[in-house]
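See structure below.
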Amino acid sequence: MSGKVLLVTGGSRGIGAAICRLGSKAGYRVAVNYASNKAAAEALVAEIEAGGGEAFALKADVGSEADIMAMFGAVDRACGGLDAFVNNAGIVDVKARIDEMSAERLERMMRINVVGSFLCAREAVKRMSTRHGGKGGAIVNISSAAARLGSPGEYVDYAASKGAIDTMTVGLAREVALEGIRVNAVSPGITDTEIHASGGQPDRVARMQDMLPMKRAGTADEVASAVLYLLSDAASYITGAILNVSGGR
Ligand code: NAP
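In terms of my numbering, the numbers along the sequence shown are unbroken and rise by one, the last being 1159.
In structure tokens form, the structure reads like this:
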């Protein structure tokens, strides 16, 4: 074990779980955040431990500042530091045009995907920044190709929330470049996870894959590889980058 600590929001399923698995293999002690599915989080922790790694599950809704503060406090108590942080938790909503979207839908989307990511980044910076007595670190934000494509007729609100993540990545990277922290984004294209079913489109990957340049969706592992690279010292001169992992889309 490197003794380094990695916290992944939404780390219990999909892309986040792949990041946790790969992070453990890279030697990180992994804090696996989840929102409600305790069984999935505990199964992942057990799998990592069975493989000789160290992990623990942390329930927190990134749509709640109080939950975010409690989550980072729990990592402080359990690990005494934070070396790597991945802003991965994110939601989509059911297919809708803008002229059908309610204020409640938009506020939930922005609260979880944007405000939650900003507040988590704030707490990570407070712990990593040399300005605050930290020893530096790396942050990766999970964006989406939707930020470039706009997701018309599907979920422009989600696409716009990821546009905010891209902008935050560039701004924060420059803000903390002299404080020992690198901040980058990975921008996945269509990736085979349960998020599509949670937005009411369980067949989305099957339906769209023939339209993709490689005629297939990406896997969570393919996205996780890019994240682990950006967290690693191999990426020591990379900050403010938005890395597309979208099979050419
Ligand atoms: P997923 O399979 O739906 O998994 C979502 C994970 O996030 C679960 O661990 C879930 O926990 C957690 N989560 C959901 N809401 C949360 C909240 N409010 N607070 C804390 N955790 C929360 O999603 P995914 O496809 O892996 O997506 C991960 C990230 O990649 C998201 O930011 C998504 O926008 C982005 N992305 C995905 C794709 C794609 O095609 N899959 C493409 C581009 C970008 P529970 O198990 O407790 O619900």
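We put the CB at the ideal spot given by N, CA and C, even for glycine.
Counting only the Cα atoms, S1108 lies some 7 Å from V1002. For the ligand NAP, no non-hydrogen atom lies closer than 8 Å to the CB of N1154. Annotation: R1015 to V1066 spans about 12 Å, alpha carbon to alpha carbon.
K969 carries a strand assignment under DSSP once its states are collapsed to helix, strand and coil. The Cβ neighbour count for S1061, taken over all protein chains shown within 10 Å, is at least 16; the residue is labelled buried. Residue pairing by DSSP leaves V955 without any beta bridge partner. The DSSP-derived three-state label of A1057 is helix. Residues of the same chain with a CB within less than 8 Å of the CB of K948, apart from the 5 flanking positions on each side, are A967 and K969 in chain order. Separation of the CB atoms of N998 and V918 is rounded to 6 Å, and the pair is thereby assigned contact status at 8 Å.
K935 and A956 have their C-alpha atoms spaced approximately 14 Å apart.
Short note on Y938: C-beta not closer than 8 Å to any heavy atom of the ligand NAP. The bridge partners DSSP lists for I1152 are A1095. Here the C-alpha atom of A1095 lies approximately 20 Å from the C-alpha atom of Y944. Assigned with DSSP and collapsed to three states, A1048 falls in strand. Judged by DSSP in its simplified three-state form, G983 adopts helix.
The continuous beta strand (DSSP E) containing Y944 extends over residues R939 to Y944. Under the 10 Å beta carbon count, V1004 is surrounded by fewer than 16 other beta carbons and is classified as exposed. Straight-line spacing of the CA atoms in L954 and L1059 works out to 33 Å. In this structure the segment 1117-1125 does not lie against the segment 1074-1081, because fewer than three pairs of beta carbons, one per stretch, are closer than 8 Å. Proximity to E1064 across A1006, A1070, S1027 and A1056 peaks at A1006, based on C-alpha coordinates. For R1092, the distance from the CB to the nearest heavy atom of the ligand NAP is not below 8 Å. DSSP places L1140 inside the alpha helix (DSSP H), whose first and last residues are A1130 to L1141.
DSSP lists R939 as the beta-bridge partner residues of V915.
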